[in-house]
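S.K.: In UniProt numbering, the protein residues as written are 1 to 185. Beta carbons are placed, not taken as given, at the ideal position from N, Cα and C, and that holds for glycine. Only a predicted model underlies this, so the values are computations on that prediction, with no experimental measurement involved.
Structure representation (structure tokens):
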């Protein structure tokens, strides 16, 4: 009969303070999967790909598979560290900033924000608006690039409709002549 192996119950493992426990404690495959946030089948995939933590069989071949608590916690820390390219990019995207409105338009993502002033129904770059002498009555707000583009489309459609309406009125007046044109106030 093999030597007695130190193990821990599920209750003790989830009670907190797991980092204060002896790193040489052996935990089950289900416990390791729980700490790593993966399915038990994910542990077999980790083993096949050679990713830590590697399983142990303290009783020898054909006995129950266990994992060292310290190795599982180290694997969890390394998985949480922003060491891969996608994690670093996500971290960089989170702190992205733009120094000019042009860089915001050229490099911005749809959820990136920029300050705007709504002047005459159209969003205007806040910094550029300072030179325009707008009144305090204009509202200032942060818009995402997506919101800005939507607002710009709406204001362009409104401008186009107003221009079309003006042209129609002028052409109607010209067609009717000065004596039959409706009175405008």
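Tell me residue 113's beta-bridge partners as DSSP assigns them.
M.R.: For the purposes of this step, residue 113 is identified with residue 113 of the chain shown, where counting begins at 1. Answer by DSSP bridge pairing, in chain order: 144.
S.K.: Identify every residue that forms a DSSP beta bridge with residue 173.
M.R.: Within the chain shown, numbered from 1, the residue matching residue 173 stands at position 173. When beta bridges are read from the DSSP output, residue 173 appears opposite no residue.
S.K.: Secondary structure at residue 127, three-state DSSP: helix, strand or coil?
M.R.: Here the question's residue 127 lines up with position 127 in the chain shown. Reduced to three states, the DSSP call for residue 127 is helix.
S.K.: In whole angstroms, what is the alpha-carbon distance linking residue 110 and residue 142?
M.R.: Locating residue 110 in the chain shown gives position 110, where the first residue counts as 1. Locating residue 142 in the chain shown gives position 142, where the first residue counts as 1. Taking the straight line joining both Cα atoms gives about 13 Å.
S.K.: Would you call the region 16-33 and the region 52-68 touching, i.e. three or more CB-CB distances under 8 Å?
M.R.: yes
S.K.: For residue 163 and residue 117, what's the separation of their Cα atoms in angstroms?
M.R.: To locate residue 163, count along the chain shown from 1; it is residue 163. To locate residue 117, count along the chain shown from 1; it is residue 117. Computed Cα separation, rounded: 23 Å.
S.K.: Rounded to a whole number of angstroms, what is the C-alpha to C-alpha distance between residue 35 and residue 158?
M.R.: On the chain shown, residue 35 is found 35 positions in, with the first residue counted as 1. On the chain shown, residue 158 is found 158 positions in, with the first residue counted as 1. One C-alpha to the other measures close to 57 Å.
S.K.: From the DSSP secondary-structure annotation, give me the bridge partner or partners of residue 27.
M.R.: As a first step, residue 27 must be located in the chain shown, where it is residue number 27. According to DSSP, which records beta bridges pairwise, residue 27 is partnered with 67.
S.K.: Determine the direct distance from the alpha carbon of residue 145 to that of residue 37, and round the result to whole angstroms.
M.R.: For the purposes of this step, residue 37 is taken as the residue at position 37 of the chain shown. For the purposes of this step, residue 145 is taken as the residue at position 145 of the chain shown. Residue 37 and residue 145 have their C-alpha atoms roughly 35 Å apart.
S.K.: Can you tell me which residues form a DSSP beta bridge with residue 15?
M.R.: As a first step, residue 15 must be located in the chain shown, where it is residue number 15. DSSP, once it has assigned bridges, lists no residue as partnering residue 15.
S.K.: Within the same chain, show all residues whose beta-carbon is closer than 8 Å to that of residue 108, passing over the 5 residues directly before and after it, in chain order.
M.R.: Taking the first residue of the chain shown as position 1, residue 108 is located at position 108. So the qualifying residues of the chain are 98, 114 and 145.
S.K.: Spatial neighbours of residue 19 within its chain, please: CB distance less than 8 Å, with the 5 preceding and 5 following residues excluded, ordered by chain position.
M.R.: Position 19 of the chain shown, counted from the start, is the residue given in the question as residue 19. Cβ within range, chain order: 73.
S.K.: Given a threshold of 16 other Cβ atoms within 10 Å of its Cβ, counted over all protein chains shown, does residue 23 qualify as buried or as exposed?
M.R.: Locating residue 23 in the chain shown gives position 23, counting from the first residue. Residue 23 comes out exposed.
S.K.: Give a yes or no on whether the C-beta atoms belonging to residue 53 and residue 75 are separated by under 8 Å.
M.R.: For this step, residue 53 is matched to residue 53 along the chain shown. For this step, residue 75 is matched to residue 75 along the chain shown. Result yes, Cβ atoms of residue 53 and residue 75 sit closer than 8 Å.
S.K.: Between the C-alpha atoms of residue 130 and residue 153, what's the straight-line distance to the nearest angstrom?
M.R.: Looking up residue 130 in the chain shown gives position 130. Looking up residue 153 in the chain shown gives position 153. So the alpha carbons of these two residues sit roughly 23 Å apart.
S.K.: What separation, rounded to the nearest whole angstrom, lies between the Cα atoms of residue 151 and residue 172?
M.R.: If you number the chain shown from 1, residue 151 lands on position 151. If you number the chain shown from 1, residue 172 lands on position 172. Going from the Cα of residue 151 to the Cα of residue 172 covers about 31 Å.
S.K.: Let me know the secondary structure DSSP gives residue 103 once reduced to three states.
M.R.: As a working note, residue 103 is residue 103 in the chain shown. Three-state DSSP puts residue 103 in a helix.
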